[in-house]
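Numbering (UniProt numbering), first residue to last: 1 to 217.
Accompanying notes for the structure given below.
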Ligand code: GS8
């Protein structure tokens, strides 16, 4: 079989980020499942692909990559001839704005949203535990401040990096998709431009396809 190999799990947020990119560019790929419940990601075969013992990892011939955002950028560059240009690397200003909002996703949005999703979805569903409400409440406060910034941005431009859909928008999908199946989905109601942006990006065929393999679908 040709194409690249992604080692991961369709339910994992970081794997979903890469899967979305592969689908957006129409790449030929194989998803090799790595089971987290059985600890496969900590076994030598996988540690050789990702020394941090996490998923995902990507193999393209002799090239082995980890870190979902770096893998995603590789996929988007490799298949840029597909006609789907989500990095805008031919334009200095546009590509810089993609970088800015991708950093905002990983450094501002993700740290605020991920504890809410972890506590309210992963803890009860995957670990059989009880969510820690204090963590959820503190993270919600932090997340609302982030959403205020996003609301202001998205009231000026249709997408985060400008008036074009980019990798920056895509990268927000996995955790937001999971937030939407928690009791805290309603937090988006106070931010109409963020809500409209979410509706727009989730109507893309790639998002529907990857979403179907995630939890709560
Ligand atoms: C994070 C990978 C990660 O947390 C990336 O690839 O973007 N910065 C990295 N992976 C989780 C699964 S959620 O997608 C994981 O492998 N967790 C198990 C562990 O950390 O032991």
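The C-beta atom is built at its ideal place from N, Cα and C for all residues, glycine as well.
If you're wondering where the values come from, they're calculated on a predicted model, not measured in any experiment.
- Below 5 Å from a heavy atom of the ligand GS8 - residues by beta-carbon: Those residues, listed in chain order, are 12, 13, 14, 54, 55, 67 and 68.
- Would you mind sorting residue 119 into buried or exposed? The rule is 16 or more other CB atoms within 10 Å of its CB. The count along the chain shown starts at 1 and reaches residue 119 at position 119. Flag for residue 119 reads buried.
- Task: Report back the beta-carbon spacing between residue 9 and residue 36 to the nearest angstrom; my notes put them in contact at under 8 Å.
- Result: Along the chain shown, read from residue 1 onward, the residue named residue 9 stands at position 9. Along the chain shown, read from residue 1 onward, the residue named residue 36 stands at position 36. Approximately 6 Å separates the beta-carbon atoms of residue 9 and residue 36; this is inside 8 Å, confirming the contact.
- Item | Assumed close pair residue 98, residue 27 - CB separation to whole angstroms, cut-off 8 Å | The sequence position of residue 98 within the chain shown is 98, counting from 1. The sequence position of residue 27 within the chain shown is 27, counting from 1. 19 Å between Cβ atoms; not a contact.
- Item | Within the UniProt domain "GST C-terminal" (91 to 217), ranges of the alpha helix (DSSP H) (whole runs, at least 4 residues) | Listed in chain order, the alpha helix (DSSP H) runs fully inside the UniProt domain "GST C-terminal" (91 to 217) are 92 to 104, 110 to 117, 123 to 127, 133 to 154, 167 to 171, 173 to 179, 192 to 201 and 205 to 212, counting runs of at least 4 residues.
- Message: Please list the terminal residues of the continuous beta strand (DSSP E) segment that includes residue 60.
- Response: Numbered from 1 along the chain shown, position 60 holds the residue referred to as residue 60. That run of the beta strand (DSSP E) goes 57 to 60.
- Less than 8 Å between the CB atoms is what I'm expecting for residue 162 and residue 94, so what's the real figure, rounded? As a first step, residue 162 is located in the chain shown; it is residue number 162 there, counting from the start. As a first step, residue 94 is located in the chain shown; it is residue number 94 there, counting from the start. Right, their Cβ atoms sit about 6 Å apart.
- Sequence-distant residues of its chain with Cβ nearer than 8 Å to residue 54 (five each side left out): On the chain shown, position 54 is the one that residue 54 refers to. Here residue 54 has 14, 41 and 66 as same chain residues with Cβ atoms under 8 Å from its own Cβ, once five neighbours each way along the sequence are excluded.
- So, residue 171 versus residue 105, is the Cβ gap smaller than 7 Å? On the chain shown, position 171 is the one that residue 171 refers to. On the chain shown, position 105 is the one that residue 105 refers to. Yes, these two residues count as a Cβ contact at 7 Å.
- Top-ranked residue by Cα proximity to residue 73, from 20, 32, 50 and 116: The residue you call residue 73 lines up with position 73 of the chain shown. Distances from the CA of residue 73 to each of 20, 32, 50 and 116 were compared; the closest alpha carbon is that of 20.
- Query: Between which two residues does the alpha helix (DSSP H) harbouring residue 44 extend?
  - Reply: For this step, residue 44 is matched to residue 44 along the chain shown. In the DSSP assignment, residue 44 falls within the alpha helix (DSSP H) that extends over 44 to 47.
- Cβ neighbours of residue 109 in the same chain (closer than 7 Å, five flanking residues each side left out): As a working note, residue 109 is residue 109 in the chain shown. Same-chain partners within the cutoff: 146 and 172.
- Got a sec? Which residues, its chain only, sit under 7 Å from residue 131 by beta carbon, not counting five neighbours each side? Indexing the chain shown from 1 puts residue 131 at position 131. Within the same chain, 119, 120, 123 and 124 come within 7 Å of residue 131 by CB-CB distance, once the 5 residues on both sides are set aside.
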